[in-house]
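Take 12 as the starting number for the sequence shown in the numbering used here and just add one per residue.
All residues carry an ideal CB built from backbone N, CA and C; glycine is no exception.
As the structure is a computational prediction, the values presented were derived from the model and not from experiment.
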Amino acid sequence: MAADSDEMHERLIKSFQPRLRNLIAVQQVLDLLDFVTPDQKERIRQKNTNEGNRAAADALVTAVIQKPHQAGWFRAFVDALEGSGCGYAADYIQNKIPEPEVETENDNCVRLIQILSPSLVDMKVAEVRVHCLSQELITQDDSEIIAAATRNHGAKTGARELLGRIVRGRPGWFSKFLSILLETQHTKLYYELTGGSPDCDKQKMIVIFAPTGNEAATEVSQEAGDCCSVPESNEPADKEGTDLPIILPLCVSDGARCAGAARDGEADDITLRDYQMKVVRPALEGKNIIICLPTGWGKTRAAVYVAKKHLDSRKAAGQTGKVAVLVNKIPLVEQHYSAEFLPFLKPMYKVERVSGASQLKISFVDTLRKNDVIICTAQILENYLDRSRTGEDEGVNLSDLSLIIVDECHHTQKEGVYNEIMVRYLKQKIKNAKLKKEQKPTVPLPQILGLTASPGVGGATKLDKAVEHILRICANLDASKIMTLPPDQLKRDSKKTVKPVEDRKEDPFGDVIKKIMNAIHYHAQLKPNGDLGSQIYEQWVVQMERKAVLEGDHKVRACAEHLRQYNEGLGLSNTIRMWDALNFLNKYHEEEMKNKTTPDEEQVIQITDTERFLFNLFKEYKEELHKLANNPDYENKSLSILRTKILQEFSTRQDARGIVFTKTRRVAIALTQWIQENPKFADLDVKAAYVIGGGDQSVVKPMTAAEQKDVLTKFRSGEVNLLIATSVAEEGLDIPKCNVVIRYGHVGNEISMIQTEGRGRAEDSTYTVVDVKDSGVAEKECVNEYRKDMMNKAIDKIGALKQDAYDKKIQEFQIQAIMEYRLRMKMKQKEDIKNEDPSEVKFSCRGCSQEVCTGEDIEVIEDIHRVNVTPQFRELFIRKESTKRKDSLLDYETNGYIVCGKCGQRWGSMMYFRGIQCPSLHVKNFVVAISGKNMPKCSKWTDVPARFSAFDYVAHADQLVESSDEEDA
Numbered sequence: 012m013a014a015d016s017d018e019m020h021e022r023l024i025k026s027f028q029p030r031l032r033n034l035i036a037v038q039q040v041l042d043l044l045d046f047v048t049p050d051q052k053e054r055i056r057q058k059n060t061n062e063g064n065r066a067a068a069d070a071l072v073t074a075v076i077q078k079p080h081q082a083g084w085f086r087a088f089v090d091a092l093e094g095s096g097c098g099y100a101a102d103y104i105q106n107k108i109p110e111p112e113v114e115t116e117n118d119n120c121v122r123l124i125q126i127l128s129p130s131l132v133d134m135k136v137a138e139v140r141v142h143c144l145s146q147e148l149i150t151q152d153d154s155e156i157i158a159a160a161t162r163n164h165g166a167k168t169g170a171r172e173l174l175g176r177i178v179r180g181r182p183g184w185f186s187k188f189l190s191i192l193l194e195t196q197h198t199k200l201y202y203e204l205t206g207g208s209p210d211c212d213k214q215k216m217i218v219i220f221a222p223t224g225n226e227a228a229t230e231v232s233q234e235a236g237d238c239c240s241v242p243e244s245n246e247p248a249d250k251e252g253t254d255l256p257i258i259l260p261l262c263v264s265d266g267a268r269c270a271g272a273a274r275d276g277e278a279d280d281i282t283l284r285d286y287q288m289k290v291v292r293p294a295l296e297g298k299n300i301i302i303c304l305p306t307g308w309g310k311t312r313a314a315v316y317v318a319k320k321h322l323d324s325r326k327a328a329g330q331t332g333k334v335a336v337l338v339n340k341i342p343l344v345e346q347h348y349s350a351e352f353l354p355f356l357k358p359m360y361k362v363e364r365v366s367g368a369s370q371l372k373i374s375f376v377d378t379l380r381k382n383d384v385i386i387c388t389a390q391i392l393e394n395y396l397d398r399s400r401t402g403e404d405e406g407v408n409l410s411d412l413s414l415i416i417v418d419e420c421h422h423t424q425k426e427g428v429y430n431e432i433m434v435r436y437l438k439q440k441i442k443n444a445k446l447k448k449e450q451k452p453t454v455p456l457p458q459i460l461g462l463t464a465s466p467g468v469g470g471a472t473k474l475d476k477a478v479e480h481i482l483r484i485c486a487n488l489d490a491s492k493i494m495t496l497p498p499d500q501l502k503r504d505s506k507k508t509v510k511p512v513e514d515r516k517e518d519p520f521g522d523v524i525k526k527i528m529n530a531i532h533y534h535a536q537l538k539p540n541g542d543l544g545s546q547i548y549e550q551w552v553v554q555m556e557r558k559a560v561l562e563g564d565h566k567v568r569a570c571a572e573h574l575r576q577y578n579e580g581l582g583l584s585n586t587i588r589m590w591d592a593l594n595f596l597n598k599y600h601e602e603e604m605k606n607k608t609t610p611d612e613e614q615v616i617q618i619t620d621t622e623r624f625l626f627n628l629f630k631e632y633k634e635e636l637h638k639l640a641n642n643p644d645y646e647n648k649s650l651s652i653l654r655t656k657i658l659q660e661f662s663t664r665q666d667a668r669g670i671v672f673t674k675t676r677r678v679a680i681a682l683t684q685w686i687q688e689n690p691k692f693a694d695l696d697v698k699a700a701y702v703i704g705g706g707d708q709s710v711v712k713p714m715t716a717a718e719q720k721d722v723l724t725k726f727r728s729g730e731v732n733l734l735i736a737t738s739v740a741e742e743g744l745d746i747p748k749c750n751v752v753i754r755y756g757h758v759g760n761e762i763s764m765i766q767t768e769g770r771g772r773a774e775d776s777t778y779t780v781v782d783v784k785d786s787g788v789a790e791k792e793c794v795n796e797y798r799k800d801m802m803n804k805a806i807d808k809i810g811a812l813k814q815d816a817y818d819k820k821i822q823e824f825q826i827q828a829i830m831e832y833r834l835r836m837k838m839k840q841k842e843d844i845k846n847e848d849p850s851e852v853k854f855s856c857r858g859c860s861q862e863v864c865t866g867e868d869i870e871v872i873e874d875i876h877r878v879n880v881t882p883q884f885r886e887l888f889i890r891k892e893s894t895k896r897k898d899s900l901l902d903y904e905t906n907g908y909i910v911c912g913k914c915g916q917r918w919g920s921m922m923y924f925r926g927i928q929c930p931s932l933h934v935k936n937f938v939v940a941i942s943g944k945n946m947p948k949c950s951k952w953t954d955v956p957a958r959f960s961a962f963d964y965v966a967h968a969d970q971l972v973e974s975s976d977e978e979d980a
């Protein structure tokens, strides 16, 4: 029974974790928790210092629910929350959840405090603090922390501490706080919070724009009884689906009411702007369409409107409505849920979100059944559609849905997951036509609504090919129309400039790197193709390395690998600081040397003459590179242009907010460090942070969805005012309006350009492209402008087609799409045939050609991890500790990596699976031979045409138990 109770408490805590991270005061709670170990407390406190209270709260929750549980752990946690003034958090984990109206009202009160905090921090914090303590809005510990913050950092910092602590209280804190403001003579602040005026006791109306919580509100007050209208505007919404007025009545004499209290019983009515209503009209008639509007013009809000009207009409007709909102990135699930669909559909309709990061993905079918709107990653839906097809488990059918909204629908291309779903739709559509002819019942299909900022031209160089590309997207989505506005209505006022870069007059740092590279060419007798530092040279080096691996030429392989690193170092020195490039090269050589030593003693494993030459070569020139990297006279011109542009924008604007887009994660991180370390930027209050992708394809540590969200939250609040971002921020992520957008040394295609331009949403925004040597971004931007114009012309041409001609083209492309899909499936089935005998598959070390094992030694864990747990294999590798964080999941964790005991070549990672040590192999680190013939390309395990046996956990566990018993005897 105790275990069941613990499990229930764990589930409650996990389900309310998003709430808890905002309601827990970590420092105070930690002091009252005895069952959390001192080491855990120290790590949580460190996280609190480095990453803030929210991140630390997540770490605290993880520590609290960690097994095994001590007796009474849950009661102790509740008591710690109550004792530290976090009673509202304690209510949630005890399932004492307030009524939805009370919860919503309290949330809106918190939001109002956040919106008006720039004014509220001007309060007389010492007086307000005393009153808040007496009214039990804060604890004694809170009071002391606020007082210390005021003494050490000023009144505004103290006020921020106070505001951040009172909003964690139980509902009812808002009315007490208003009374305190009146008692302490803060009349102006009182009326700001209540929407009233010191000169008038009449009921007032406050109109809050940006209900999504992304920007500060704009307020318009009017007397009650007047027509509370919003001035006519032809300007676009400030961001994806925002800026629709919520009119909230506030009575000045009743200051206890929160600004959000008007939202009781019914969801907010959605009022679209004229241009939004124009593009959604066919969808309201039940037609499949694509809405094409630039970033920031309210596509998502229009989609929410369509979803609500769709559900309303189905309800009125006595039919069940079921809406699926498909996105292509996990962060977008939470964004659309909390910022768009939930605020406008709750409580009339049930809204839920599911992604790969959500536990609800396990019960997706049940979640879909219980809710009216599901926001999910497209892959989740595709997985369950496939389950239904195979019948292996309970799945989902397209007929279970009545409306599918496809976000960023330009991704509905040949092999994307969107297209997998839509091909199912098209196949059923054709079957329905046949059934209809045979006068048999048809299978109902959902309505489709696609959303995109730009369908692009698909690499077309001629208008007719651009038309074909867009028509194929329309066909894949079964769209009867693509709805947009004339180009002249879509123009923005942002000023666009392209900053070319001149070659350095002197580049001694680059010259030294090129000297090293030429020495390597001579040593390996290589004749390079392309200029050093160029993309052509990079491709040539990769080809040389692959060829050398297949031929067993370790001299060329080692040289090619080092040349790749130097080539990237050249690119970095042209993009960021020479110092960053040197650090990159230095770290690479340190890692390589580390792999050449044993863990117990500083003894070289095996270094060939070529490797010794390569290490000594870097060592010989390292000091010279170090001196040059410290000389600012030789820095690249692009960095100087970027510095000037940022300083100019932040010195001439009262509230500058900017994004710098760059090509790689490494550059984004380095640019952020460069800005943070430069006192000139600090003088102008430039506060930079980076946002990079979450995929693990790069050697640079990826960013989790939670980390991305945290940075974007700081950006919205103003704690960060300059984002340095990779392409992850170009598309979909809800980023508040900016007035400075810079592309630094990287330009994507026309879709990327249009989306990036859309990030500059303020009226006086600027869009700047800074060229970098050998990047060619200036020319690419010109090409993108040409393609953008071509795309607009193509859309116009499609719009001018007669419906019969349009329908004929769409039908032709749909049949072609189905045929191409069938062909791809046949090809995939052939590729999936694993008919090679595992004993004929040989694995050799990529670094020294040592024979490692055969396919018979490989076992597969959960269809993902290929491991070799044979005693013979254990004699061949050395385990190394990793500096990266270890991944820990339910059944396994990875901790450290393994290298060849002979040459130090990395082979894979060390994994513990349910207590068993399992070396996990990465196939890219080996030469794979089948029946004596080396495979030319084998970068992932799916490339190996053999089926390996499943991991026999029981057998291996029994062996461990037996050996353990023998040792004990």
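It is roughly 27 Å from the alpha-carbon of E194 to the alpha-carbon of N163. Per the coordinates, the alpha-carbon of V75 lies some 49 Å from the alpha-carbon of D775.
Within the stretch 412-478, the alpha helix (DSSP H) runs of at least 4 residues that lie entirely inside it are, in chain order, 428-448.
If you keep only unbroken beta strand (DSSP E) runs of at least 3 residues inside the stretch 296-373, you get 300-303, 334-338, 362-365. G544 and L581 do touch by the CB rule: their CB atoms are close to 4 Å apart, below 8 Å. In the three-state DSSP reduction, G669 falls in the strand class (E or B).
At the C-beta level, E790 and K648 stay beyond 7 Å of one another. For V752, the enclosing beta strand (DSSP E) has its first and last residue at 751-755. The three-state secondary structure of V384, taken from DSSP, is strand. Counting only the Cα atoms, H421 lies some 16 Å from V739. In the pairwise beta carbon analysis, the stretch 558-577 is classified as not touching the stretch 869-887: fewer than three pairs are separated by under 8 Å. Take E646, set aside five residues on each side of it, and the residues of its chain with a beta-carbon closer than 7 Å to its own are R588, M589, in chain order. If you look at P930, you'll find it in the beta strand (DSSP E) that goes 927-932.
Under DSSP, no beta-bridge partner is assigned to M589.
If you draw a 10 Å sphere on the C-beta of A328, you find fewer than 16 other C-beta atoms in it, and that means exposed. With a cut-off of 8 Å on Cβ pairs, the stretch 917-929 is in contact with the stretch 879-892, counting three or more such pairs. Residue state for K691 is assigned as helix, using DSSP reduced to three classes.
Within its own chain, the residues whose Cβ lies closer than 7 Å to the Cβ of G469, once the five positions on either side in sequence are excluded, are H480, listed in chain order. A residue is called buried once 16 or more other Cβ atoms fall within 10 Å of its Cβ, and Y201 is buried on that count. Within the stretch 46-72, the alpha helix (DSSP H) runs of at least 4 residues that lie entirely inside it are, in chain order, 49-62. Residue pairing by DSSP places E870 opposite V878, S960 in a beta bridge. Restricting attention to alpha helix (DSSP H) runs no shorter than 4 residues, the stretch 116-169 encloses them at 128-131, 136-145, 151-164, ordered along the chain. For W184, no beta strand (DSSP E) encloses it; the enclosing alpha helix (DSSP H) starts and ends at 184-194. Residue pairing by DSSP places G919 opposite I909, L932 in a beta bridge.
Between the stretch 314-321 and the stretch 425-439 there are fewer than three inter-stretch CB-CB distances shorter than 8 Å, so the stretches are not counted as touching. Counting along the chain, T205 sits inside the alpha helix (DSSP H) bounded by residues 198-205. Collapsing the DSSP output to three states places K720 in a helix.
In this structure, L379 is the residue among K167, L379, H757 with its C-alpha nearest to the C-alpha of V336. In summary, C911 is buried, with 16 or more beta-carbon neighbours lying within 10 Å of its beta-carbon over all protein chains present. Within the same chain, Cβ atoms closer than 7 Å to the Cβ of I765 are found at P305, A464, S465, K799, the five residues on either side in sequence being excluded. Fewer than three beta-carbon pairs drawn from the stretch 527-547 and the stretch 657-673 are found closer than 8 Å, and the two stretches are therefore not classed as touching. Remark: C-beta atoms of E351 and T401 do not approach each other more closely than 7 Å. Nearest to D696 by alpha-carbon distance, out of L173, I657, V678, is I657. Counting along the chain, no beta strand (DSSP E) covers K712, and no H or E run does either.
N846 and E634 have their C-alpha atoms some 55 Å from each other. Judged by beta-carbon spacing, A716 lies within the 7 Å limit of I341, meaning their Cβ atoms are closer than that value.
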